[in-house]
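>
In the working numbering, the protein residues as written are 6 to 157.
(1) For residue 32, which of 129, 130, 106 has the nearest alpha-carbon?
(2) Taking the alpha-carbon of residue 55 as reference, which of 16, 92, 25, 81 has the nearest alpha-carbon?
(3) Once the 5 residues before and after residue 47 are set aside, which same chain residues still bring their CB inside 6 angstroms of it?
(4) Per the DSSP calculation, residue 33 is bridged to which residue(s)?
(5) Can you list, in chain order, the residues of its chain whose CB lies under 8 angstroms from that of residue 57, leaving out five sequence neighbours each side?
(6) My assumption, with CB atoms under 8 angstroms, is that residue 126 sits in contact with residue 21. Please give the rounded CB distance.
(7) Closer than 6 angstroms by C-beta to residue 88: which residues in its own chain qualify, once you throw out the five before and the five after it? Chain order, please.
(8) Just the C-alpha distance for residue 144 and residue 52, rounded to the nearest angstrom, thanks.
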């Protein structure tokens, strides 16, 4: 729950507060057009990956770490490239936020929120999937990266 809370704070509450109030203005810096464009592209990419991930998961999706009845190992769509595309979308969202909102605190809040969620949950998720799907998941791990295609 700590990871989800950190992500929610860093990716929603902090930027929402900043957009609504302009605080903390002491951490503002000059926005550049290239950064805003890059941030918008990253953020839109995050939404696209998020939607594709949910569509691929179907009834298997859960906000908590749990295996549903008749749970299937999904390895198509975005899952053909990475094991955790939902985290890929959160990473893209955090990076997009950092470029879109010209404020050091708000930019770092998204990245930190993502990092806390990722590092507290991904190992648990993979252990759970190994317990349930065994060699099938191990083979899937061998052919895919965690969140960045071909890299990590």
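Glycine residues also receive a C-beta, built at the ideal position from the N, C-alpha and C atoms.
The structure says:
(1) As a working mapping, residue 32 is identified with position 27 in the chain shown. Residue 106 is the option with its Cα nearest to residue 32.
(2) As a first step, residue 55 must be located in the chain shown, where it is residue number 50. Nearest to residue 55 by alpha-carbon distance, out of 16, 92, 25, 81, is 92.
(3) Working through the chain shown from its first residue, we reach residue 47 at position 42. Answer for residue 47: 97, 100, 101, listed in chain order.
(4) For the purposes of this step, residue 33 is identified with residue 28 of the chain shown, where counting begins at 1. Paired residue(s): 108.
(5) Numbered from its first residue, the chain shown carries residue 57 at position 52. Once the five neighbours on either side are set aside, the close Cβ partners of residue 57 are 82, 83, 90.
(6) Locating residue 126 in the chain shown gives position 121, counting from the first residue. Locating residue 21 in the chain shown gives position 16, counting from the first residue. At roughly 23 angstroms, the Cβ-Cβ gap does not stay under 8 angstroms, so residue 126 and residue 21 are not in contact.
(7) As a first step, residue 88 must be located in the chain shown, where it is residue number 83. If we look at residue 88 and ignore the five residues flanking it on each side, its Cβ neighbours are 149, 151.
(8) Working through the chain shown from its first residue, we reach residue 144 at position 139. Working through the chain shown from its first residue, we reach residue 52 at position 47. Roughly 29 angstroms separates the two Cα atoms.
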